[in-house]
Amino acid sequence: MSGATETVTDAAAPAGRGDAPASRTGGLRPGAVATGLTVLGVVVCALAAAAIVLTDAGVYARVGVPAPPLDVRILGPVLRTVALLSGALAAGALLFAAFQARPQASGTVGVEGYRALRRAGVAAAVAGFAALGAAWTTTSDLTGSALLAPAQGGLTGWFTVFATLEEPMGWLFTGIALLLVAAGCTWFLSWRAVGAMGLLAAVCWVFPAAVSPAATGANHDWSGDGGMIRAVGGIVWLGAVAALAAYRTHGGEVTDVGWRRFRLLVLGSGTLFVVGELIFQVVVVGGGSLTGTAYGRLLLAEIALVLVVGVATVLLLRRGPAAAGSRTLVPLVLGGALVAVLGVAMGHMVPPRFLVSTDSDLQTLIGWDVDRPFGAIPLLVDWRFNIIFGTGILLAAGVYLLGVRTVRARGIPWSTGRTVAWLLGCTVVLLATSSGLGFYSPAMFSAHMISHMSLNMLAPVLLCLGGPVTLALRVLPTAGKGNPPGPREWILAFVHSGFAKVLTNPAVAAILFVGSFYVLYFTGLFDGALRFHWSHQLMNLHFILVGYLFFWPLIGVDTAPNKLPHLGRLAVLLATMPFHAFFGIAVMSSDTVLGENFYRSVGLPWVSSLIEDQHVGGGIAWATGEIPMLLVVIVLIVQWSRDDTRTAVRKDRQADRDGDADLTAYNEMLAKLRSRG
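Below, the structure is given as structure tokens:
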């Protein structure tokens, strides 16, 4: 990473590029005009969102809460819109600076990248403070109180209110993340750090989406996943188009590489937004009326607008980079901003489904009803597809197979065993999250523990043996001299980063792998995490990642940043196994029910004793944890033996070529020592 003391020179700027003549804009620089129009556009959109929200004055009566004062009802949508649009500008500018603008030879961003970085810093700061303000106004809006009411109880009262309301916390986390990005924009100049900040600026929008009031009740697992997907997709799409528009405003020329990446980014993020929005709206509309509700009418307007913007985007991408000018890009930005305005307004209204249906207690708690006991048949039949993990792991399997096909078509051998291991690992993830395990795991501790052990102990072992990084490096071409870093460079940058070296340090990885069990289950974290779908998804992600980080340096096919000798790997593994076994024993022998309040609320009739179900789960943790560990020991010993064999063969070949020069030199040294004696 590079600090702000580094300089950005004009050497990275392509010849013939730069700001358009100021005379075209009446003596004003195009950048100043674009900035002014951007600020004006954000303000107009924010006021439009507030105006639309005010038209639905009866929303508070429908949800049974007192209406807050007028300033809260106006300021809330204004701040949300400002945060959303500014956040998109920040994310798009950072991704442009890292992945589309040419860097300098030193690894720092070039001139165009630096311009984008400065814009991103300002936009992220505006978005961060607006998101913090949105957290405040959301608290007042949900409680029907005056704007300063949450502060009347002092700092303690403020955090008490926040602890009981999830939606303000979502905006709080997003605001903090964006302010961190803004601070980073003033310090870091390397394209690696800028790219990481761009990813954070995009992904941090899952926080308010995950705790949206619409993502509750029946099927809230699907609406929650859909909401998070559309949030990230929409932010990246709008930001990418706005970043290219800003670049063109400064007279920049679109290169072939830059256009291909822009096209891939826009198509990918646009697809995410459309798919996520479709899933979300199908769930929250349900059997309600579109034309008879304010939400439904806005949704119809949004659908029409998305279709227009989508068609215009496809036409632009088909025409090529020559057509990507201000006259084509700015209307797309405006269309995307209007979609965001409608989204903010709909987020303040009651979706049609909630006006016509009543959810059961179990649907409210986990999203669906569980009608029969857990067993072999339900395990195979009662599937509940996990949209994020199910779709993601299927894509991972498909991309891997495409990579294998590519390397073999080039005449490069690829082990069938690695392919089988990867596909088996993907299958384990799919079954643990989307089969009967995924169906029952939110409602039963024992089923949860089977899913946990599968994701943490078995899937990472198989995925590590698949060697995905090695395969990717054999498939992906280099970016080429003078071009922005490509996927190959991004992968290598992460693998060789200090961050990766710390995470794969055997001591750190072991602490994360084992210690997280105790922290999660023997503190209040597990009890709180059971109540939300997003926290279940976070647990799934955590289980997979910490398992992969632990097993990667031990048995992974890919070269890890920290690679121990085989004896050291075996020692780490043997030292870790007892702590994992102790965890299972502790769960089995405990008399305190983990997550008792939640599981009693679920109240499955065939789970007669929560403590007995927990003891079963502890036994599963102990037994299923030891079996994969023994498998890893076997794999490690086999790898050790093969490495020794390869080393011996290599030395024999070297001896054949040089007449065993090493042995001859050693014997001569011994002879000299004897002669001296």
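Each step along the sequence shown adds one to the number in my numbering, with nothing skipped, and position 219 is 220. Don't be surprised by glycine CBs; every beta carbon is placed ideally from N, CA and C.
If you check the CB distance, Gly-426 and Leu-463 come in under 8 Å. With a cutoff of 8 Å on beta-carbon distance, Pro-485 and Leu-477 are scored as not near each other.
For Ala-247, the enclosing alpha helix (DSSP H) covers residues 221 to 250. Boundaries of the alpha helix (DSSP H) around Asp-528: 526 to 530. Apart from sequence neighbours up to five positions away, the residues of its chain that approach Ile-230 with a beta-carbon distance below 6 Å are Leu-273 and Gly-277, ordered along the chain. Collapsing the DSSP output to three states places Pro-104 in a strand. Between the segment 177 to 184 and the segment 214 to 221, the count of C-beta pairs closer than 8 Å stays below three; the two stretches do not touch.
Rounded to whole angstroms, the Cβ separation of Gly-235 and Ala-341 is 7 Å, and the two are in contact under 8 Å.
Residue state for Val-212 is assigned as coil, using DSSP reduced to three classes.
Annotated three-state conformation of Val-110 is strand, per DSSP. Cβ neighbours of Gly-437 within its own chain (closer than 6 Å, five residues either side excluded): Pro-379, Leu-380 and Asp-383. For Trp-192, the enclosing alpha helix (DSSP H) stretches over residues 192 to 204.
The segment 346 to 354 makes no contact with the segment 395 to 406: fewer than 3 CB pairs, one atom from each, lie closer than 8 Å.
Pairing Phe-552 with Leu-632, the inter-Cα distance amounts to about 12 Å. Per DSSP, the unbroken alpha helix (DSSP H) holding Phe-174 starts and ends at 167 to 186. The shortest C-alpha to C-alpha distance from Met-589 to any of Gly-569, Ser-602, Leu-611 and Arg-601 is the one to Leu-611.
With fewer than 16 other beta carbons inside 10 angstroms of its own, His-497 counts as exposed. The Cβ-Cβ distance between Trp-415 and Val-408 falls below 8 Å.
Between the segment 49 to 65 and the segment 95 to 102, the count of Cβ pairs shorter than 8 Å is below three; the stretches do not touch.
Minimum Cα-Cα distance from Pro-461 among the listed residues Val-400, Phe-533, Tyr-549 and Thr-365 corresponds to Tyr-549. Residues Ser-361, Leu-363 and Gln-364 of the same chain have their beta carbon placed closer than 8 Å to that of Asp-370, with the five preceding and five following residues left out of the count. For Phe-523, same chain residues with a beta-carbon under 7 Å away, outside a window of 5 residues either side, do not exist.
Per the Cβ contact rule, the segment 163 to 176 is in contact with the segment 200 to 214 (3 or more Cβ pairs under 8 Å). The C-beta separation of Ala-47 from Val-79 comes to about 4 Å, placing the pair in contact by the 8 Å criterion. Taking every protein chain shown into account, the CB of Val-307 has 16 or more other CB atoms within 10 angstroms, so this residue is buried. Leaving aside the five residues that flank Ala-511 on each side, the residues in its chain whose CB is nearer than 7 Å to its CB run, in chain order, Phe-551, Val-573 and Thr-577. Per DSSP, the unbroken alpha helix (DSSP H) holding Trp-535 starts and ends at 534 to 556. Under the DSSP assignment, Gly-404 falls in the alpha helix (DSSP H) whose first and last residues are 388 to 410. The three-state secondary structure of Phe-375, taken from DSSP, is coil. The beta carbon of Arg-264 lies closer than 8 Å to those of Leu-318 in the same chain, with the five residues before and after it left out. Approximately 19 Å separates the beta-carbon atoms of Tyr-401 and Leu-493; this is outside 8 Å, ruling out the contact.
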